[in-house]
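To start, the structure under review is shown below, and the notes come after it.
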Amino acid sequence: MLLVSIDVGYGFTKAVTDSGHRTSFPSVVAPAHMDLFNGIFNNGVGHKVAVHTLNGSQEKFVGELALNSTAAQHFVARHEKPADMHDLLLLTAAYLCDAGSFSAVSQRKDDLVVGLPLSFYRAQKDILKDRLSRLSAWVSVDGKEKKYISFNKVMVFPQGAGALVSLGNMLPKSGMIGLIDIGTYTTDFMLFEIKNGMPIPMPDACGSAEAGIYLVQRAIASEFEKQTGSPLPQRMYQKAMEMARDGKPISFESRNIDLYSEWKQAQKEVGETIAGHIMALWGDRTGFLDMTVFAGGGSIWFGEILEKIFSNSIYADDAVFANAVGFMRMASGTKKP
Ligand SMILES: Nc1ncnc2c1ncn2[C@@H]1O[C@H](COP(=O)(O)OP(=O)(O)OP(=O)(O)O)[C@@H](O)[C@H]1O
Ligand SMILES: [Mg+2]
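Just so we're on the same page, my numbering is the position in the sequence shown counted from 1, plus 3.
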């Protein structure tokens, strides 16, 4: 039996298993079209996913492959993730992590653990758990053999808590610890008092802010539009941001559009915006932190700014996967021997 931990983020889907598999891809879905070249240009950057359930069959592009489509579908900021898209991303990640079995009869049922943003956790954890417990489908990714995926036991944890647990014995035995998980659209943050090695959350200092990497992407997109008169399609936001950071100009209508200084400015402004949201709740406790943990993909983009603001900062190992790894630890701690 396998334990699969999946973090379906607004920007990226991340998954790890207790057998050492891991995968990540952009949380993007698009209608699949026929491959006129019959695979000769397929560089393996996927994925084409076929899903068959009792409600019917569908074939979609997921992740990098979907990004090239003008019909690419992203999650919408601040909104609950639509169930069908969420579950398609989850099934794809599960398949890529070797979950499921080739026969529905001699099934190997896997355990699943997922997270929810703190702001949705209380209201939705039971609904999500229930839906995922009932999920079952035949799934094939990139033309490989179909597998039957359904889950035995489903656990739902709050995001951010995962990242804290991922630190393992790097956590001090006592003191006050801040955790900042910066994602694509949301930043989850929490304050913990460690007593006898147990982290106790301070409820009035835990929350979610609607700020993340997306704000930088938007700033870069709006500068692109200012310079060219054309909007930058959303599916290119991530790539444009990486190019801006690396000082590589974007080629558009035979011109080179350089967005490096826009990136530096947005990094500073958005980093300070995020810090402002957090400090509003942490208040004067901010100065007394024994450790500030940065996690999430955004910690890579804003760490430089936040390090100057928060004390004793450290980065979760593998920041992007920190929640997925932590959920897995939390879940295996509860697994009966
Ligand atoms: N494999 C990777 N390599 C490099 N950068 C990555 C990788 N995966 C994610 N990122 C960066 O991290 C960002 C996404 O961060 P993260 O996965 O923490 O957000 P999310 O969990 O999808 O968002 P949210 O928490 O708002 O739901 C991307 O925009 C990208 O810049
Ligand atoms: Mg996240």
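Quick reminder that beta carbons are idealized off the backbone N, C-alpha and C, glycines included.
Length of the line joining the Cα atoms of Phe154 and Gly49:
24 Å
Determine the direct distance from the alpha carbon of Asp293 to that of Glu67, and round the result to whole angstroms.
40 Å
Measure the alpha-carbon distance for Pro206 versus Leu174 and round it to whole angstroms.
20 Å
Cut-off 8 Å between Cβ atoms - residues of its own chain near Val219, not counting five sequence neighbours on either side
Met244, Trp266, Ala269, Gln270, Val273 and Trp304
Quickly, what does DSSP pair Asn259 with across the bridge? List them, please.
Ser254
Between the stretch 176-183 and the stretch 195-206, do at least 3 Cβ pairs fall closer than 8 Å?
yes
Can you give me the start and stop residues for the beta strand (DSSP E) that Ile203 sits inside?
Met201 to Pro204
Would you mind giving the Cβ-Cβ distance between Arg81 and Tyr188, rounded to the nearest angstrom? I have them listed as a contact below 8 Å.
7 Å
Are the beta-carbon atoms of Leu94 and Val157 separated by less than 9 Å?
no
For Lys311, count neighbouring C-beta atoms within 10 Å of its own C-beta (all shown protein chains included) and say buried if the count is 16 or more, exposed if not.
exposed
Would you mind stating whether Thr20 and Asp90 have Cβ atoms separated by less than 9 Å?
no
Have a look at Glu228 and Thr73 and give me their C-alpha separation to the nearest angstrom.
18 Å
Name the residue from Phe313, Ala298 and Ile317 whose alpha carbon lies nearest to the alpha carbon of Val328.
Ala298
Beta carbon nearer than 5 Å to a non-hydrogen atom of ligand 2
Gly12 and Gly186
Among Met88, Phe313, Ile130 and Ile152, whose alpha-carbon lies nearest the alpha-carbon of Val108?
Ile152
Do you know offhand how far Phe9's Cα is from Thr16's?
Correcting the residue type first, residue 9 is Ile in the shown sequence and not Phe. Cα-Cα distance, rounded: 7 Å.
I'd like to confirm something about Lys242: is its beta-carbon nearer than 8 Å to some heavy atom of ligand 1, or not?
no
Below 9 Å between beta carbons: does that hold for Val116 and Ala325?
no
Ser27: buried (16+ other C-beta within 10 angstroms of its C-beta) or exposed?
buried
To the nearest whole angstrom, what separates the beta carbons of Ala361 and Tyr240, a pair I think is in contact under 8 Å?
Since the displayed the chain opens at 4 and closes at 340, residue 361 lies outside it and no answer follows.
Considering only the beta carbon of each residue, do Ala97 and Asp113 sit closer than 9 Å?
yes
Just grab the DSSP bridge partners of Gln61 for me.
Val54
Run through DSSP, which three-state label would Gly274 get?
helix
Within 8 Å: the Cβ of Gln162 and any heavy atom of ligand 1?
yes
In the DSSP assignment, what residue or residues form a beta bridge with Gln237?
BP columns for Gln237 are empty, so no partner.
State buried or exposed for Gly118, treating a residue as buried only when at least 16 other CB atoms are found within 10 Å of its CB.
buried
Considering only heavy atoms of ligand 1, does any lie closer than 8 Å to the CB of Gly103?
no
Could you tell me which of Asn58, Lys51 and Thr56 sits nearest to Leu70, measuring between CA atoms?
Lys51
Best match in Gly186, Asn199 and Tyr13 for proximity to Leu92 [C-alpha to C-alpha]
Tyr13
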